[in-house]
Each structure stands twice: as structure tokens, then as C-alpha cells.
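In the numbering used here, the protein residues as written are 126 to 538.
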């Protein structure tokens, strides 16, 4: 199996190795080396990236390592962006993307500290860990987690970071581990376990890359807590990523404050005021729309003539929308027991609404399908009401008139 150099030194960014095999997986070129510092995806931590430089060749000829994965036999696959002519048995130099590695060390070590803090302060164990491109998350085994509790764990975690406690690595057998008080034992029995020991705070089995002192984590910032099926999820960021996230958040908040002509701390209150004003305006607009619909209803029903014992209403409103004609259709069919309303709106989004008073014999959903088959668009509905969006305004009025003629003849489409 490949020798895992990162097990012993997470700050190893360059190494020499021999190519044991050149293979392809799903048409992707991959190298297997006798030793590597490239970390493969495992235990919630994502893979390293970087470059491989063939021995005796200049660095510009280096090959990009796009992904790293570990096979079940312990050999590590280094997937390359492009096919390679590297031969088995040749020597290479591996170059780790140091910035990405340092970020992963900060996030993963921060997770260990944060998970231990939740256990020590709140007796909430971590059941899973995920490292994403923008934020990380842990899932906690608990029925309830308040914002105040999360802040308590965050404060404890950052105390440990500030104290710059040592972080060491040691290897023990599974039997020895059972007596060491690990925060979490791995689910699979192994001959040897790699332990990450945060001085007098946390001890747990882990194969990931970590800092050598908690101060290198650089701070832990909780972003969000949310209820998930298996408990509660806590999103967080650490170190340089936390600084970048906080800067982006503050920039967004400052821009929002400028738009509202207020201080950043007063943005929530200003947003609440705008929401209240918006609800008031919406309520007023709905009330005015209802009044207009009532006025139209009275006038339309007064002007409509009976045809075969029912009033067939045809109207196309060039400056109204779907909400208005739907409300008008409801008013017309409720105020009279013998109304069939064929209504259209000719705004930027043309709309149709067909409705009939309860007890009338026609099928509004069927009529809508017939109309849209000619006008284009989509829609549908029930026997008494249907709505649709024709592809264009042209032809709507003519189609409604043709449908009205068929209804007057008491013929279904």
C-alpha cells in the first residue's frame, strides 16, 4: 500500500516518490506512488490538490493533480487533469497546494475543538462532519439546540484556540484506545489507530491533516444552526476562511445599511419597518383591487344579456393581470347563479380565466385546453374554473368569441 506521509507531518508540502503504477479510472489518468503527502477524501475532509513534476524535467512541465482518492487496498490514486506519459518506475516530485492544505487543517482541527466543546459544555456528541468549499458543518445528536447554547460552545472552542494548546499525533492499538477515553471510537475495528490529541481537551481517532497547536486554527466562527432529521446541524468556518466570510458578511451588511440610510446595527429594524410598510401597502392594494372588481362586476352583470337562460361574459383587459381577472371571475360567478365568464388579460404575461357559476353544465378545464391548443401556452383547471397563459395576446378576443358562440348553441367542445 502507499505510504501515507501526511499521517506524520501535515505541513509536508513537497516530497519525492516512485511511480508504482499508471492506470485509468473512468477514462481518467491516475498515478499510484510508493509514498505520498497528498491527502485523499476521507472522514469528512476533502482531498488535496497540487502538482506532480516528472524527475529531471523543469517545473513548467508539471502535471495538475485534480483529485485524490484511496482504494480499499490502501493505495492512493492521484487523478491528473490530462493523460500522462509518465512510466511505471519513474521518479517524480509531488507539490501540495499549500494554501488549500492549510485551509483544510484549520477547518478540520477547528472541527475537533468545536465538537469537543459541544460535548464538554452541553453533552452533545457529533455524529458526522462535512467540509465544503465555503463552510463546514457538524451534525449533533440532540433534540434541541438554542442559539445561546451554540454561542456557549463557540466561546469555549475559541478559548481553547486562544490558549494555543498543543496538538499531537500518536498511534495505538484498538485495545489500547478503549482505555484512553476517546471522544469517539471509530466504527470499524482496526489493528492500529491514529489519534489526534488536543492537550487536555480532546482525544479522538482521525486520519486527517491537522495543525500542531490550536492557535494555528485562527478562530472559529459559527454561521448557522438548523434542525435536521438526525438532530441539529451547525455550520462553521475557521481561520483565514472565517476572516474572509466575516469580511464578506460585513460588506453585504454595510451596503444594505447604505441603501437604507442607517447604521449597520439598525439594518434588522429598518428591514422590519419595510416589511410592515410592504404588508400595509399590499393589503391596501388588495382592498382597492377588490373594490374595482366589485364595480366591474355590477356593471358587467347589468349590461349582460341572457342567452339560453345564462349570461355569457366576454372581457379582455389590456392593462390588467391574472390576479385581477381571477378575482373578477370569482365575483361574477358568485353574485349570479347563471354566469359563464370568459376573461383575458393582455399584460406582459397574457392570461386567461374561464369560470362558471356552480350548477352550470360546461367544463371550464376542457374549454381552456381547446383555447390554448389554438393560442399556444399552458393551463388547466376544474369543471367550474380554469386558468392559463397563452403564448401571445393576439387572437385572444377572437377565440373567446368563438367559444361563446359554441356555448350559446349549448355545445361542448
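Yeah, the Cβ is synthetic: ideal placement off N, Cα and C, and Gly gets one too.
Computed from a prediction, not measured in an experiment: that's the story for all the values here.
Using a C-beta cut-off of 8 angstroms, the stretch 135–151 makes contact with the stretch 218–226, since at least three inter-stretch Cβ pairs fall below that distance.
Residue 275 is not a Cβ neighbour of residue 201, given a cutoff of 8 angstroms. Less than 8 angstroms separates the beta-carbon of residue 467 from that of residue 479. Under the three-pair Cβ rule at 8 angstroms, the stretch 413–428 does not count as touching the stretch 376–395. Between residue 470 and residue 450, the gap from beta carbon to beta carbon is short of 8 angstroms.
In terms of CA proximity to residue 312, 331 leads the group 331, 157, 406, 389.
With 16 or more other Cβ atoms from the protein chains shown falling within 10 Å of its own Cβ, residue 283 counts as buried. Contact between the stretch 280–296 and the stretch 328–348 is present: three or more C-beta pairs spanning the two stretches fall below 8 angstroms. Annotation: the continuous alpha helix (DSSP H) that includes residue 282 extends over 272–287. Ranked by Cα distance from residue 230, the first of 354, 364, 394, 198 is 364.
Shown here for residue 270: same chain residues with a beta carbon closer than 6 angstroms to its own, the five before and five after excluded, namely 350, 357 in chain order. No Cβ-Cβ contact shorter than 8 angstroms links residue 277 with residue 264. If you look at residue 393, you'll find it in the alpha helix (DSSP H) that goes 392–428. Under DSSP, residue 436 takes part in a beta bridge, and its partners are 431, 464. Taking 8 angstroms as the cut-off, the beta carbon of residue 146 is found closer than this to the beta carbon of residue 157.
In the three-state reduction of the DSSP assignment, residue 269 falls in the coil class, being assigned neither a helical nor a strand state. Per the Cβ contact rule, the stretch 152–168 is in contact with the stretch 186–197 (3 or more Cβ pairs under 8 angstroms). The Cβ-Cβ distance between residue 233 and residue 170 falls below 8 angstroms.
At the C-beta level, residue 362 and residue 346 come within 8 angstroms of one another. As far as DSSP is concerned, residue 306 takes part in no beta bridge.
Nearest to residue 437 by alpha-carbon distance, out of 485, 400, 473, is 485.
Following the DSSP letters along the chain, one finds residue 139 in no alpha helix (DSSP H) but inside the beta strand (DSSP E) bounded by residues 139–150. Straight across, the Cα-Cα distance linking residue 203 with residue 249 is about 37 angstroms. In the DSSP assignment, residue 322 forms a beta bridge with 293, 328. Taking the C-beta atoms as reference points, residue 241 is found nearer than 8 angstroms to residue 327. Residue environment analysis places residue 443 among the exposed positions, since fewer than 16 neighbouring C-beta atoms fall within 10 angstroms of its C-beta. Bridge pairing for residue 515: 502 [DSSP]. Nearest C-alpha to residue 258 among 281, 360, 421: 360. Residue 510 carries a strand assignment under DSSP once its states are collapsed to helix, strand and coil.
Between the alpha carbons of residue 127 and residue 198 lies a distance of about 9 angstroms.
Nearest Cα to residue 227 within the set 405, 333, 212, 510: 333.
In the structure shown, the three-state DSSP call for residue 259 is coil. Residue pairing for residue 264: DSSP places it in a beta bridge opposite 253, 358.
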